[in-house]
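I have placed the structure first, in the form of structure tokens, so that the comments after it can refer back to it.
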């Protein structure tokens, strides 16, 4: 039986990675879409050729490494170019995800973690989406702890450039509150049990 596909998303500092670590501790496979996309841009020969076709030879340095800073500077103010770049990266990530899901057919469900996500079934193979949320001040404090050279203002600018919590909640089938006022692990375990039930019913 194919596993349920559960998406986990949330803004920077909300704690989606921590939530995924709890699922992982419950023996659930985790696909980190953003990390895999970075890996594919470095190692997938088809994708490297496509990116070079879209952006030119400067997209990779002489050693063949993805020139992330240069690419970012090219697409930052050029939405058309950004669309073309995403147009070659996203299909490769999708096919990589499909291959990964097929490796875990014995599992009741798998989790895909990504910063940007659509509602379940909206041009994706997700069955449910979990949104992890936390108040802005808690998120800023967390990011400053792990990244002390960033100022609160800088972090707030990053948060403001991301999708808003209101927009994220529109795609949520489930919400996990990671605000330090309630325990996180029981919330994850409740969902874990719910997904196991869905697969047996």
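Residue numbers (this note's numbering): 435 to 635.
Ideal placement from N, C-alpha and C gives every residue a C-beta, glycine not left out.
Item to check | Whole beta strand (DSSP E) elements within the segment 503–580, 3-residue minimum | outcome: 543–547, 562–567
Next on the checklist: Less than 8 Å between the C-beta atoms of residue 576 and residue 444, yes or no?
Outcome noted: Stepping through the chain shown from its first residue, residue 576 is reached at position 142. Stepping through the chain shown from its first residue, residue 444 is reached at position 10. Result no, Cβ atoms of residue 576 and residue 444 do not sit closer than 8 Å.
Checklist entry - Three or more C-beta pairs closer than 8 Å, one from the segment 580–591 and one from the segment 547–562: is that the case here? => result no
Checklist entry - At what residues does the alpha helix (DSSP H) containing residue 605 begin and finish? => result Numbered from its first residue, the chain shown carries residue 605 at position 171. Where residue 605 is concerned, there is no enclosing alpha helix (DSSP H), given that its DSSP letter is neither H nor E.
Checklist entry - When the Cα atoms are used, what is the spatial distance from residue 436 to residue 528? => result Numbered from 1 along the chain shown, position 2 holds the residue referred to as residue 436. Numbered from 1 along the chain shown, position 94 holds the residue referred to as residue 528. Their backbone Cα atoms lie some 16 Å apart in a straight line.
Checklist entry - Around the C-beta of residue 449, are 16 or more other C-beta atoms found within 10 angstroms, so that it is buried, or is it exposed? => result For this step, residue 449 is matched to residue 15 along the chain shown. Burial call: buried.
Next on the checklist: Once DSSP output is grouped into helix, strand and coil, what is the label at residue 597?
Outcome noted: Working through the chain shown from its first residue, we reach residue 597 at position 163. Correct three-state label for residue 597: coil.
Item to check | For residue 572, the nearest candidate out of 544, 611, 552 (CA to CA) | outcome: The sequence position of residue 572 within the chain shown is 138, counting from 1. Of the listed residues, the one whose Cα sits closest to residue 572 is 611.
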